[in-house]
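Counting in this note's numbering, the sequence shown runs from 5 upward without gaps.
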Amino acid sequence: MKKTVVITGAGSGLGASLAKQYDEMGYYVCLLGRTEEKLIQVSKSLKNKSSYYLVDVSIKEEVSRTFNQIKKEVGEIDILINSAGLGVFDLAESLDESAVHAMIDTNLKGTIFSTQEVLPQMKNNNQGAIVNIISTAGLEGKATESVYCASKFGVRGFTESLIVETKATNVFVCGVYMGGMQTEFWDGIFDESKTNTFMTPDDVAKTIIASATQKLIPSELVIKSKK
5 MKKTVVITGA
15 GSGLGASLAK
25 QYDEMGYYVC
35 LLGRTEEKLI
45 QVSKSLKNKS
55 SYYLVDVSIK
65 EEVSRTFNQI
75 KKEVGEIDIL
85 INSAGLGVFD
95 LAESLDESAV
105 HAMIDTNLKG
115 TIFSTQEVLP
125 QMKNNNQGAI
135 VNIISTAGLE
145 GKATESVYCA
155 SKFGVRGFTE
165 SLIVETKATN
175 VFVCGVYMGG
185 MQTEFWDGIF
195 DESKTNTFMT
205 PDDVAKTIIA
215 SATQKLIPSE
225 LVIKSKK
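Right, dumping it as structure tokens:
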């Protein structure tokens, strides 16, 4: 029986790369995101049958409805990858209220809400994996990234607490800390001379999957660029 992986933020970047690589490994892939066109494009690029679901992970009701739909249509979830995230970069005093809410709601609350939907089943089955994409913004403060870092430090704290809560089970929880990647996330922020030094999402995805499939999932996976 095929294993199922659910990936939030699957319409682009690392989420899309993870989807393609899990598909190649024979997993049934559930793509979650807010932009239907992007999800359709990723879904069409996969070799095997997949499903996509429009959802704003910052809204708990939408998250619950989506995961209930997945459980009904696909079955139990083996792996959850919380990859949805956004960033607004400016000096702390210049960030408006909507930007603060957007980052906290999507990056932190979205990770919490999605995890809450799979954790009871995983604990009950005594198996499963939850991978939270955090970035190095969850390890150190950075200029013009104050609230983005705050949201990622929050995800780090949530992840580390989950690791403690699942210690006596076979549910694996991992926080992934990587630097910048060559994705549209940085469009309008850094120019090409800077982003060319970043890792590719495909390389990061390979490292994450290699750790997971070999059952070598550490509590923290730090991925650094070789450039």
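Using N, Cα and C, we set each Cβ at its ideal position, and we do this for glycine too.
Query, Result
"8 Å Cβ cutoff met for K7 and D27", "no"
"Contact between the segment 142-152 and the segment 87-95 (3+ Cβ pairs under 8 Å)", "yes"
"Inter-residue Cα distance where the pair is I11 and I134", "10 Å"
"Exposed unless 16 or more other CB atoms sit within 10 angstroms - verdict on L36", "buried"
"Among G161, S215, I213 and V208, nearest to G17 - alpha-carbon criterion", "V208"
"DSSP state of T39 mapped onto helix, strand, coil", "coil"
"For A133, three-class secondary structure by DSSP", "strand"
"Spatially closest choice to E164 from G179, A172, K156 and V175, by CA coordinates", "G179"
"Length of the line joining the Cα atoms of S62 and I83", "20 Å"
"Assigned exposure category for R69 - 16 Cβ within 10 Å defines buried", "exposed"
"Beta-carbon proximity of G142 to K127, cut-off 8 Å", "no"
"Rounded separation between A172 and G15 - CA only", "34 Å"
"Proximal residues to D191 (C-beta, below 8 Å), its chain only, five neighbours per side dropped", "Residue confidence is low: D191 scores 48 on pLDDT, short of 50, so the model does not pin down where it sits. Its coordinate-derived value is still stated next. No residues qualify anywhere along the chain."
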